[in-house]
Amino acid sequence: MFSRERLANAIRALSMDAIESARSGHPGAPLGMADIAEVVWNDFMRHNPANPNWFNRDRFVLSNGHASMLLYSLLHLSGYDLSLEEIKKFRQFKSKTPGHPEHGLTPGVETTTGPLGQGLANAVGMALAEKILAARFNRDGFNLVDHFTYVFAGDGCLMEGLSHECCSLAGTLGLGKLILLYDDNGITIDGPVEGWFSEDIPSRFEAYGWHVVRGVDGHNPDAIGNAVREARAQSSKPSIICCRTVIGFGAPNVCGKEKCHGSPLGREEIAAARKVLEWPYGPFEIPDDIYAGWDAKKKGARHEHLWNKMFCAYRERYPGLAEEFSRRVSGHVPGCFSRRAEEYIKELNEIAQDIATRKASQRVIEEYAPYLPELIGGSADLSCSNLTNWSGTRPVSRTSRDGNYIHYGVREFAMAAIMNGMALHGGFIPYGGTFLVFSDYARNAMRMSALMKLRTIYVLTHDSIGVGEDGPTHQPVEHTASLRLIPGMSLWRPADAVETAVAWKVALEDESGPTCLVLSRQTLPHLKREQAQLENIKRGAYVLRDPEGPPDALIIATGSEVAICLDAAEELARMGGYRVRVVSMPSVERFEAQDAGYRESVLPPEIAARVVVEAGRTSCWYKYAGSAGRVIGIDSFGESAPGKELFNHFGFTVRRVVEAVLEVLQPELRGKG
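Note that my numbering has the sequence shown beginning at 379, numbered continuously upward.
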């Protein structure tokens, strides 16, 4: 027979052995939280190890991702496709057990965690998605969407400012199916936390509007179980269960100390721990009865079978809703959207309207959103500036669950991380807005969007010194270049309404990763295009103006600077018969993903006379300008003045572009004028 204590000790043993084998890892939290994990997973979690993607499963998030062996032990023991051999390869190259949990790599890992606090915010997004999706699809007798989101977090997660942002919003929205189990062990890497983390956590969460279960013995299964039942009974508030634990529980010489947080215990300490825990088995040895006690496959299959049976009855009663639910869960946009988007782009090309791209973006949302009920928007308290709202906006609130827009408040980081959680949950395509300059606040969550290949869309307005009078604090100069550095992040800086509509369409159809839409505050002129040019926008760069005969020079530009470059090319033709090609490159990443033949057709290698123009840092553009070319950009902070005046001051003028082209065509002019 097995006991709860032995079930929990299996987690401790696997964690100690894997970390010792790797000579690297964090044993403290897996040993300290093993009892909590055993109760949650064996008594409460509804999941199916044979189908980790069963939609109505409970979500489990390990926000303190350094405790990854806790999660890997749970997955292995309960029957997921995570073998003992993979446990033995913990932290090794190409294993399914990396140092921190990675979504998409290890079956059963709901989100990539490690940067503290982000898993907690992801869990808020998952619980929010569950609440909204349930309001849209559940009917009397058919709780199609009905699951809990459990999240483990430690002191480090709750120190991060992000935890304040997301937990405050979770309380305001009344996310009753979110349960946070707080590992209150009083230890971080630097030692006992009372010197730098002394607030009253239960009172803090009560102030957020959470249900708080205080003072739970994190090593007492009965107390833990009673606390979870109490939390599950709270339908109108998220819950935090404050569990007092001992870090490194069972390791007699290091438990309760920072030493066991992030270093292997060593063979002698592991041997001593085995005696304390009464675990007489060898490294990586788990008795059959323990495996039997943990095995969740049969129970999980039953949960999924009952849900599938309910869904079949639901489909008979509500065939339209069932079809839409299945499509939403698949993540594929409907064909009617793609067809309408193509028509709209052609219509815009004929309208010839001058408009700020942020305003164009709002009109695109207005046009696309009715075809995409999964689209859920929001803004970090800048809706009227980002223009992320539209006529069909229905804000989500504590009492209004069936909404499609989230007022995140001034919480950029939480917005991005919650969007990640909603994308991970499924059933939604989230987008959220802020000023481009404030993407710094959200950057780490945006990086995680790319790392997890999530379809999240960031609407980043006020994209340059064109912001004007608000001055350098609000004028992004390095941000566009910085966001392009994130692997897997697609960034679009459109030049007019047409490019904006294409960028949105590409972002919405792209299931492989996130997109940044970098949009102007100021009005931009409509650019004339032929049909072939219109078709090529989606390829990231295209020839917008071509002279008769072979080009003498080539100008590449993005966003608000494209129109200036078109005027400069015309001026060069008038003044000296210079043949200049102008290339609009709204998305560098998209262009670089094209085949070599297309790239060379747009940017022929033989044209060495090149000028690149973008109102931002210059460094990333020299790969296109080449050693003989010039880059017109900004390598300083901005100034406080009207936008037009700043564009003149910093050289974003027809005259300066003309001079730069002449300099690359006639090297003897370099430095003159």
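Don't be surprised by glycine CBs; every beta carbon is placed ideally from N, CA and C.
The beta carbons of A1038 and V989 sit about 5 Å from each other, so the pair counts as a contact at 8 Å.
Beta-bridge pairing by DSSP links W999 to no other residue. Around the CB of Y1000, fewer than 16 other CB atoms lie within 10 Å, so the residue is classed as exposed.
In the same chain as D395, and ignoring 5 residues on each side of it, the C-beta atoms closer than 6 Å to its own belong to P661, F662, in chain order. I835 is bridged by DSSP to Y809, T893. Around the Cβ of A601, a 10 Å sphere holds 16 or more other Cβ atoms; the residue is buried.
Taking 7 Å as the cut-off, the beta carbon of G1004 is found no closer than this to the beta carbon of R957. Minimum Cα-Cα distance from M963 among the listed residues I579, S938, A391 corresponds to S938. For C633, the secondary structure class from DSSP, reduced to helix, strand or coil, is coil. Approximately 14 Å separates the beta-carbon atoms of P850 and D841; this is outside 8 Å, ruling out the contact. For V1036, the enclosing alpha helix (DSSP H) stretches over residues 1032-1043. DSSP places D562 in the strand class (E or B) of the three-state scheme. Taking G811 as reference, the option from F791, S778, L838 with the minimal CA-CA separation is L838.
Counted as a single uninterrupted DSSP element, the alpha helix (DSSP H) harbouring S393 occupies residues 382-400. Counting along the chain, no alpha helix (DSSP H) covers F1015, and no H or E run does either. Counted as a single uninterrupted DSSP element, the beta strand (DSSP E) harbouring F438 occupies residues 437-440. Judged by beta-carbon spacing, T893 lies within the 7 Å limit of A885, meaning their Cβ atoms are closer than that value. Contiguous beta strand (DSSP E) elements confined to the segment 903-968 occur at 920-923, 931-935, 958-962, taking only those with 3 or more residues. Nearest in C-alpha terms to I664, of all of R390, A974, G1007, is R390. At a Cβ-Cβ threshold of 7 Å, T777 and R871 do not count as neighbours.
Check the Cα spacing between A585 and each of I567, N426, K615, S451: the tightest is with K615.
In the structure shown, F583 adopts helical secondary structure according to DSSP, grouped into three states. Excluding residues up to 5 positions away in sequence, V502, A505, L506, K509, P616 lie with their Cβ nearer than 7 Å to the Cβ of L553 in the same chain. Fully contained in the segment 612-673 are the following beta strand (DSSP E) runs of length 3 or more, in chain order: 617-622. Here V855 carries a coil assignment [DSSP, helix/strand/coil]. A check of alpha carbon separations from N429 across F1030, L540, V1036, K675 identifies K675 as the nearest. Here F627 is near L409, since their CB atoms are less than 7 Å apart. The C-beta distance from S446 to A531 rounds to 14 Å, too long to meet the 8 Å contact threshold.
Proximity to A679 across S769, R435, H404, G1007 peaks at R435, based on C-alpha coordinates. Only residues of its own chain outside the window of five on either side were considered, and among them N764, L765, T839, L897, S898, R899 have a CB closer than 7 Å to the CB of R736, listed in chain order. Comparing C-alpha distances from S769 to each of R779, I579, Q1044, P748 shows the shortest one belongs to P748.
Secondary structure of R789 (DSSP, three-state): coil. Within the segment 411-470, complete alpha helix (DSSP H) segments of at least 4 residues are found at 446-456, 462-466, given in chain order. Collapsing the DSSP output to three states places Y749 in a helix. With contacts defined by Cβ atoms closer than 7 Å, A919 and M867 do not form a contacting pair.
For H589, the secondary structure class from DSSP, reduced to helix, strand or coil, is strand.
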